[in-house]
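Data first, discussion second: the structure below is written as structure tokens.
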Amino acid sequence: MVRVAVLDSDKCRPKHCNRLCYRFCPMIRSKVEAIRFENEKPVIVESLCVGCGICVKKCPFKALSIVNLPDELEKECSHRFGVNTFKLFRLPTPTPGVVLGLLGKNGVGKTTAIKILSGEIKLNLGKFDEPPSWEEIVQHYRGSTLQEYFEKLSRGKLRVVHKPQYVDKIPKVVKGKVGELLEKVDERDNAKKLAKRLELENVWNRRLEVLSGGELQRVAVAATLCREADVYLFDEPSSYLDVKQRLETAKAIRALIDDGKTVMLAEHDLAVIDYLSDQICIFYGEPGVYGIVSHVHGVRVGINIYLQGYIPDENVRFRKEPIIFHEKPPATSTTAGETVLKWTEMEKRYEDFTLTAEPGEVKAGEVIGILGANGIGKTTFVKLLAGIEKPDKGEPIGVSDLTVSYKPQYISAEYTGTVQELLRTIAEKDFTSSWYKSEILRPLNIERLLDRNIAELSGGELQRVAIAACLSRKARLYLLDEPSAYLDVEERLAMAKAVKRIVEERNTTAFVVEHDVVAQDFIADRIMVFTGKPGKHGIAKPPTSLRDGMNSFLKEMNVTFRRDPTTKRPRVNKEGSRLDRYQKEIGEYYYVRALTKEEE
Numbered sequence: 351m352v353r354v355a356v357l358d359s360d361k362c363r364p365k366h367c368n369r370l371c372y373r374f375c376p377m378i379r380s381k382v383e384a385i386r387f388e389n390e391k392p393v394i395v396e397s398l399c400v401g402c403g404i405c406v407k408k409c410p411f412k413a414l415s416i417v418n419l420p421d422e423l424e425k426e427c428s429h430r431f432g433v434n435t436f437k438l439f440r441l442p443t444p445t446p447g448v449v450l451g452l453l454g455k456n457g458v459g460k461t462t463a464i465k466i467l468s469g470e471i472k473l474n475l476g477k478f479d480e481p482p483s484w485e486e487i488v489q490h491y492r493g494s495t496l497q498e499y500f501e502k503l504s505r506g507k508l509r510v511v512h513k514p515q516y517v518d519k520i521p522k523v524v525k526g527k528v529g530e531l532l533e534k535v536d537e538r539d540n541a542k543k544l545a546k547r548l549e550l551e552n553v554w555n556r557r558l559e560v561l562s563g564g565e566l567q568r569v570a571v572a573a574t575l576c577r578e579a580d581v582y583l584f585d586e587p588s589s590y591l592d593v594k595q596r597l598e599t600a601k602a603i604r605a606l607i608d609d610g611k612t613v614m615l616a617e618h619d620l621a622v623i624d625y626l627s628d629q630i631c632i633f634y635g636e637p638g639v640y641g642i643v644s645h646v647h648g649v650r651v652g653i654n655i656y657l658q659g660y661i662p663d664e665n666v667r668f669r670k671e672p673i674i675f676h677e678k679p680p681a682t683s684t685t686a687g688e689t690v691l692k693w694t695e696m697e698k699r700y701e702d703f704t705l706t707a708e709p710g711e712v713k714a715g716e717v718i719g720i721l722g723a724n725g726i727g728k729t730t731f732v733k734l735l736a737g738i739e740k741p742d743k744g745e746p747i748g749v750s751d752l753t754v755s756y757k758p759q760y761i762s763a764e765y766t767g768t769v770q771e772l773l774r775t776i777a778e779k780d781f782t783s784s785w786y787k788s789e790i791l792r793p794l795n796i797e798r799l800l801d802r803n804i805a806e807l808s809g810g811e812l813q814r815v816a817i818a819a820c821l822s823r824k825a826r827l828y829l830l831d832e833p834s835a836y837l838d839v840e841e842r843l844a845m846a847k848a849v850k851r852i853v854e855e856r857n858t859t860a861f862v863v864e865h866d867v868v869a870q871d872f873i874a875d876r877i878m879v880f881t882g883k884p885g886k887h888g889i890a891k892p893p894t895s896l897r898d899g900m901n902s903f904l905k906e907m908n909v910t911f912r913r914d915p916t917t918k919r920p921r922v923n924k925e926g927s928r929l930d931r932y933q934k935e936i937g938e939y940y941y942v943r944a945l946t947k948e949e950e
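Counting from 351, one number per residue, gives the positions in the sequence shown under our numbering.
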């Protein structure tokens, strides 16, 4: 067996733990130096470690991870950042004329693989102390597609462009107006065409720093597509986009295949990665410790393998329980709780945008999903309920008497302390209870982050902490704006379950703004659909049943979903296909029975 030992240096505090990992190590007691200290931090010598895991259990700060892996994986190590750091095994193989989707948890190497293939990180084959030359790297991959890829990359004969994961950081490094940026990078003479397709004409003369997350995402995708390159790499291109924008972006990216380009993307929205990809590579492992890249699978088979948590051709189970989708909408509850909040017709006017909310009410114990295009007033409506904005006409009845907990769309790491300090301040006595650990900390995987500083967290980690902070408050009304941004598939499901449990147990109400239709299906009891003209005027319809809400919203988007016969997961129908036409005829845009293999 091969040992992979990883130390989280941010968590490690040897001055406060009396070096328990060293004192209790059986190899140290046998006078074998399996652990030594450098710069006051422990270094685990993997070749001497027996993998007993005693040091992992004894570490009070959960800073150590040790896993045992098969020997044959060692020769497939593609990169390691340093001693006792994350280890990546294998790499996805880019193929000209094919869109390769990367699917897996956060923290198992998808972004690292993309940076290696873009040339931002030079892979070291695990030899971080003596990095190999390009000749050695090319020799290592001889006989495979990657041999030619790295040979061209090392000689500068392969041009690669990369759309980064966190688009909200773009204004910090790039200044100017949208039009100026796109014209500057327009090497394929398609900036105007992309601006029309991705709905950027309205923001053409706006500065980057005033754009919303969805607008920045579309600008980043357009800028990447404007460049002339051999390989295009996209890291989470659908974050902050609404359903229609996600599909338009997917179509724009797929158009690269017509020119014989090589395309690879990491994506957590199952509907988007299914619609966009030809093949799938699954990333599995332990987040922050190691990641393994599976062999290539067809898109449908690959996604189903990921959901089932078992890879047959490698005989590997990487998840105990499969992710299961329900085929029919949940039955409407017959025991509706008391009315928590009502509103008459409301109106909020800005200089160039007006939101009108039709009368509605919500009851205790239910989660209201909010669906609609970007720029249609969803966040404005949530801010009206939160009391951050005041309506020009009408007023939510009872909101002034409610305690409200609000998670905004854009999260900033302004808090200077640790995650534990933040949550302890909000949750107070609940923080030490077993209920709090089992209902909030564990489902959202926060326990490993407790000793981390807020300012050091990644986008996905910050999102989970913000959700935990929102749910930690004892409130009658929870408002969550796009809680799945930067979360992987499993984290989205865990978030949905956590929100539903808190609402049911505390007999409260939650509003959730969410663009991932699959996540919305998991979380919502009823749906509010927003219609109108983005950026001009929006109309908030009253809450309605899941079936009626989904049909109304997807009809507006002109999109239909079918069900996979094996996993029952929703899949986007290609526009104009037989099933797309049939579902539109009968008015069932989402909740239809799964097709048999013969019908597929």
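All residues carry an ideal CB built from backbone N, CA and C; glycine is no exception.
For my contact list, residue i and residue j are in at a C-beta cut-off of 8 angstroms; report their separation, rounded to the angstrom.
i    : j    : result
A355 : C399 : 6 angstroms
L773 : S822 : 6 angstroms
R921 : D619 : That belief does not hold up - the Cβ atoms of R921 and D619 are roughly 12 angstroms apart, past 8 angstroms.
L453 : G652 : 7 angstroms
K525 : L558 : 7 angstroms
Y582 : L606 : 6 angstroms
G298 : P420 : The chain is shown only over 351 to 950; residue 298 falls outside these bounds and no answer can be derived.
V517 : L566 : 4 angstroms
L705 : F731 : 6 angstroms
Using the Cα positions of residue i and residue j, report the straight-line distance between them to the nearest angstrom.
i    : j    : result
C820 : S504 : 48 angstroms
N552 : P884 : 10 angstroms
D592 : D866 : 8 angstroms
P893 : K692 : 11 angstroms
L626 : I632 : 16 angstroms
V728 : P758 : Sequence inspection shows Lys at residue 728; the Val mentioned does not correspond to that position. Spanning the two alpha carbons is a distance of roughly 12 angstroms.
H512 : R913 : 33 angstroms
Y760 : E832 : 9 angstroms
G719 : V528 : 32 angstroms
V560 : M900 : 32 angstroms
D479 : F436 : 15 angstroms
F781 : G810 : 22 angstroms
T766 : I738 : 24 angstroms
S683 : I726 : Only weak support is given to the placement of S683: the predicted model assigns it a pLDDT of 48, under 50, and the value that follows is read from those uncertain coordinates. Each residue's Cα considered, the two are about 30 angstroms apart.
S380 : Y372 : 12 angstroms
L544 : E388 : 53 angstroms
V448 : F872 : 32 angstroms
H530 : R568 : In the sequence as displayed, the identity of residue 530 is Glu instead of His. Approximately 15 angstroms, taken between the alpha carbons.
K408 : N540 : 59 angstroms
E948 : K918 : The pLDDT assigned to E948 is 48, lower than 50, so where the model puts this residue is not dependable; a value taken from the coordinates is nonetheless given after this. Rounded to the nearest angstrom, the two C-alpha atoms are 16 angstroms apart.
G715 : L829 : 14 angstroms
M696 : E864 : 22 angstroms
Y297 : K733 : Since the first residue of the chain shown is 351 and the last is 950, residue 297 is not available in this structure.
S483 : G459 : 22 angstroms
V352 : R928 : 52 angstroms
E764 : I394 : 35 angstroms
K779 : A818 : 15 angstroms
V879 : N555 : 30 angstroms
Quick one, are the C-beta atoms of residue i and residue j less than 8 angstroms apart?
i    : j    : result
R802 : V769 : yes
L473 : I487 : yes
V862 : A874 : yes
L370 : A413 : no
E708 : I889 : yes
P637 : G457 : yes
P364 : E383 : no
H429 : I466 : yes
L721 : Q870 : yes
R596 : V622 : yes
F439 : E426 : yes
K594 : A723 : yes
S588 : E617 : yes
Y499 : P442 : no
T348 : L827 : Any answer about residue 348 is impossible in this case: the structure gives the chain only from 351 up to 950.
D838 : K455 : yes
Is there a Cβ of chain D sitting closer than 8 angstroms to that of residue i, yes or no?
i    : result
I653 : Any reference to chain D falls outside this structure, which holds one protein chain only.
Taking 8 angstroms as the threshold, find out whether the region 655–664 comes into contact with the region 894–907 through three or more Cβ pairs. Flag = no, the region 655–664 and the region 894–907 do not touch.
Fully enclosed by the region 417–499, which alpha helix (DSSP H) runs are 4 residues long or longer? Complete alpha helix (DSSP H) runs here, min 4: 460–468, 484–490.
Quick check for students: name the residue ranges of the beta strand (DSSP E) that lie wholly in the region 580–607, counting only runs of 3 or more. Counting only runs of 3 or more, we get 581–585.
Would you list, in sequence order, the uninterrupted beta strand (DSSP E) runs of no fewer than 3 residues that lie entirely inside the region 603–686? For the region 603–686, whole beta strand (DSSP E) runs of length 3 or above, ordered along the chain, are 612–616, 629–636, 640–643.
Touch check for the region 564–578 and the region 601–620: three-plus C-beta pairs under 8 angstroms? The answer is yes - the region 601–620 touches the region 564–578, with three or more Cβ pairs under 8 angstroms.
Start-end ranges of the beta strand (DSSP E) lying completely within the region 760–845, minimum 3 residues: Runs found: 827–831.
If you scan the region 533–584 from start to end, which runs of the beta strand (DSSP E) of 3 or more residues do you find wholly inside it? Within the region 533–584, no run of beta strand (DSSP E) at least 3 residues long lies entirely inside it.
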